[in-house]
Each structure stands twice: as structure tokens, then as C-alpha cells.
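I have placed the structure first, in the form of C-alpha cells, so that the comments after it can refer back to it.
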Amino acid sequence: MRNFAFLVLPATAAAMALWTGRIPFKLAVAAWCGIILIACMCRKPRLSRLQLWWVVAAFAMSMVGDYFLSSRKWHAHYFEAGIAAFFTAHLGFLRYALAHGRINTGALAVVLLVFVPYFVLGLSPAIENRTLWAAVLLYLLVSCIGLAAALGLKQPRPAKWLYFAGIALIVFSDTLISLGEFLHYRRLNFLILPTYYAAHIAITASILARPELSRIFGGPTDDNAPAG
Numbered sequence: 030m031r032n033f034a035f036l037v038l039p040a041t042a043a044a045m046a047l048w049t050g051r052i053p054f055k056l057a058v059a060a061w062c063g064i065i066l067i068a069c070m071c072r073k074p075r076l077s078r079l080q081l082w083w084v085v086a087a088f089a090m091s092m093v094g095d096y097f098l099s100s101r102k103w104h105a106h107y108f109e110a111g112i113a114a115f116f117t118a119h120l121g122f123l124r125y126a127l128a129h130g131r132i133n134t135g136a137l138a139v140v141l142l143v144f145v146p147y148f149v150l151g152l153s154p155a156i157e158n159r160t161l162w163a164a165v166l167l168y169l170l171v172s173c174i175g176l177a178a179a180l181g182l183k184q185p186r187p188a189k190w191l192y193f194a195g196i197a198l199i200v201f202s203d204t205l206i207s208l209g210e211f212l213h214y215r216r217l218n219f220l221i222l223p224t225y226y227a228a229h230i231a232i233t234a235s236i237l238a239r240p241e242l243s244r245i246f247g248g249p250t251d252d253n254a255p256a257g
């Protein structure tokens with residue numbers, strides 16, 4: 030699909046971020062994803078009905094979180110600030126999913142059965158700071174809800190499964206961060222950033238795969254057609 034050609038922009042930024050480790054390239058991944066969606070809405074203003082601004086806001090908060098986590102070596106409390114930013118990003122992704130579907134309660138039960146014991150038995154004993162403890166718990170819960178909402182998205186198969194894959198990759202990346210940060214298991218740290226960047230690209234691809242956006246960059250737009 031022609032729309033997917035634009036994903037080369039965040040993909041290139043991701044490759045440069047992994048190669049150089051430079052913060053501007055790290056921020057550029059989510060930035061390009063957001064710019065692509067903004068361009069879609071500028072091209073066809075009726076697409077604002079699809080609640081795409083929630084995803085754009087989520088990408089923006091992801092950039093804030095990226096900055097805090099990438100700079101925390103020199104600043105106290107940047108880790109907590111990063112968690113807060115990514116928590117807000119999860120809310121944006123969740124709001125978009127709920128606008129086009131519902132929470133899959135069965136999936137939520139399964140995810141909670143996995144992650145609540147992980148928190149109680151693994152993370153909780155390792156976190157001494159009570160504020161950080163509460164922040165991690167809230168983040169874990171919203172991640173589980175977001176994953177279940179992604180599975181409950183009522184969209185055609187490519188769009189739904191790309192979105193679910195994106196949220197699942199974020200949860201996977203976050204789990205690896207928690208393993209390294211609190212349980213000091215870092216053998217899989219090399220997967221954190223590739224899966225995180227792939228998540229943003231997958232989420233953007235899921236929106237570009239929606240029928241309402243077909244050929245949006247391929248010719249004149251038809252703003253008389255409903256956005257769905």
C-alpha cells in the first residue's frame with residue numbers, strides 16, 4: 030500500500046537511533062509517526078472524527094518519556110517523570126482504542142493473571158520507594174487495560190492486529206525495562222529499543238491500514254465521504 034511508504038521515515042529514525050544512541054534520533058521515531066497522522070488529518074480534515082489526535086498526543090508524550098529516560102543518568106527523579114509521561118501515552122492509546130471498540134474482558138483477565146503476580150512476587154519486594162511502587166503499579170494496570178482494549182478494537186483485520194501488535198510490543202518492552210531496572214536481569218536489554226520503536230511504527234501502520242485512509246496520499250481527497 031502506498032500509505033505504508035511513509036513509514037520509512039520513522040523506520041530510518043529508529044535505525045539511526047539504534048546505531049548512534051543519539052537522543053534526537055530517538056525522539057524522531059515518535060515524532061515522525063505523529064507527523065504522518067497529522068498530515069493525514071490535514072489532507073482529509075474529516076479524519077479528526079476517528080479520534081486520531083489521541084494517538085498523536087500519545088506519541089508526543091512518548092517523546093517526553095524518551096527524553097526523561099534517555100537523560101536520567103544526570104538527573105534525579107527523571108525515571109519517575111518518564112513513567113508518568115509513558116503512563117499518559119498509554120491513556121492516549123487507550124482512549125483511541127475505546128473510541129473504536131471495547132475492552133476484551135477475557136483478555137484482560139488473562140493479562141492480569143500474568144502481570145499482577147509478576148508485580149506482587151517480583152517487582153513489589155524490589156521497590157523500596159513507595160511513590161515509585163505506586164507509580165509502577167498504576168502503570169502496570171493501565172498497560173494491561175490498554176492491551177485488552179487493543180484486542181477489543183473493532184476494525185478490519187490488518188488494522189486491528191497491527192494495533193494490537195503495537196501495544197503488545199510496548200508492554201513487552203516495558204516488561205524488559207522492569208526486569209533490568211528492578212530485578213537486575215539485563216540479558217534481554219538489547220531488545221528494549223527495537224521492540225519499542227517497532228511498536229510505534231506498528232501503531233501508525235494500523236491507522237494507515239484503516240479503510241478511511243486508503244489512498245489518502247495517492248490523489249485528490251474526498252471530504253464528502255464519511256470518515257466512519
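Note that the sequence shown covers residues 30 to 257 in our numbering.
Each residue gets a CB set at the ideal place from its N, CA and C atoms; glycine is no exception.
Taking alanine 87 as reference, the option from Ala110, Ile64, Phe115, Met70 with the minimal CA-CA separation is Phe115. Where alanine 46 is concerned, the enclosing alpha helix (DSSP H) starts and stops at 37-49. Rounded to whole angstroms, the gap between the alpha carbons of alanine 163 and lysine 189 is 31 Å. In this structure, the beta-carbon distance from leucine 191 to serine 235 falls below 8 Å. Just measuring C-alpha positions, the residue of Leu98, Cys173, His229 sitting nearest alanine 136 is Cys173. According to the DSSP secondary-structure assignment, leucine 182 is paired through a beta bridge with Gly130.
Within the same chain, and ignoring the five residues on either side of leucine 152 in sequence, the residues whose Cβ sits closer than 7 Å to its Cβ are Val165, Ser207, Phe211.
When secondary structure is reduced to three states using DSSP, leucine 198 falls in the helix class. Looking at the backbone, the Cα of lysine 73 and that of isoleucine 112 are separated by about 34 Å. Counting along the chain, the unbroken alpha helix (DSSP H) around glycine 94 starts and ends at 81-100. With a cutoff of 8 Å on beta-carbon distance, leucine 56 and tyrosine 107 are scored as not near each other.
Per DSSP, the unbroken alpha helix (DSSP H) holding lysine 55 starts and ends at 52-72.
In this structure, arginine 131 keeps its C-beta atom at 8 Å or more from the C-beta atom of tryptophan 83.
Around the Cβ of alanine 155, a 10 Å sphere holds fewer than 16 other Cβ atoms; the residue is exposed. Rounded to the nearest whole angstrom, the C-alpha separation of glutamate 241 and isoleucine 232 is 16 Å. In terms of Cα proximity to methionine 92, the closest of Leu142, Phe54, Leu237 is Phe54.
Alanine 238 has its alpha-carbon roughly 16 Å from the corresponding atom of serine 77. Taking a C-beta distance under 8 Å as the contact criterion, alanine 126 and leucine 182 qualify as a contact pair.
Closest in alpha carbon position to threonine 117, among Pro146, Cys71, Leu167, Gly195, is Leu167.
DSSP, reduced to helix, strand and coil, places alanine 155 within a helical segment of the structure shown. When Arg75, Val200, Val145, Met45 are compared, the shortest CA-CA separation from alanine 228 is found for Val200.
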